[in-house]
Each structure stands twice: as C-alpha cells, then as structure tokens.
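Engineer:
Numbering (the numbering used here), first residue to last: 907 to 968.
Shown next, in the form of structure tokens:
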C-alpha cells in the first residue's frame, strides 16, 4: 500500500496495487497512473526522497 494525494478530491488516500492503472519506468524513477477511491486518475511518482550516496574514495575502509 502507498499514499497518494488526489488533486481533484483534494484528499490523501491509502491505496493498494489494484489502484494502479498504468506503470512506466523513467530516468527519475517509476511513475504510475493511479485511480483514487472516488474514481479520479492521477499520476504518482515513486521517487526516493533520499539523495544518492557518493561513491567511497579509492582505498577507503569498508
């Protein structure tokens, strides 16, 4: 389950995988077209909010 915010309803919903109508991968992360419980379609980005870690310097302890 994941949370989505419907701009039409102006509400936040907890929805499951069955709400996903379409899914695609982008360079910025996965994006899904989701149907809110009221029936509206919205686009939801599954981007991670955490920044990507920088590579460790050569020879750094693991």
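Backbone N, C-alpha and C fix where the C-beta goes; we use that ideal spot for every residue, glycine too.
1) Which of the three DSSP states is assigned to residue 953 in this structure?
2) What would DSSP say about residue 938, mapped onto helix, strand or coil?
3) Looking at the structure shown, is residue 928 part of a helix, part of a strand, or coil, going by DSSP?
4) How is residue 971 classed by DSSP in three states: helix, strand or coil?
5) With a 10 Å radius around its C-beta and 16 neighbouring C-beta atoms as the bar for buried, classify residue 950 as buried or exposed.
Structural biologist: A quick look at the data gives this:
1) If you number the chain shown from 1, residue 953 lands on position 47. Taken through DSSP and simplified to helix, strand or coil, residue 953 comes out as coil.
2) Here residue 938 is taken as the residue at index 32 of the chain shown, counted from 1. Annotated three-state conformation of residue 938 is strand, per DSSP.
3) Taking the chain shown and counting its residues from 1, the one referred to as residue 928 is at position 22. It is a strand residue.
4) For residue 971 there is no data in the structure shown, the boundaries of the chain being 907 and 968.
5) Locating residue 950 in the chain shown gives position 44, counting from the first residue. Around the beta carbon of residue 950, 16 or more other beta carbons lie within 10 angstroms, which makes this residue buried.
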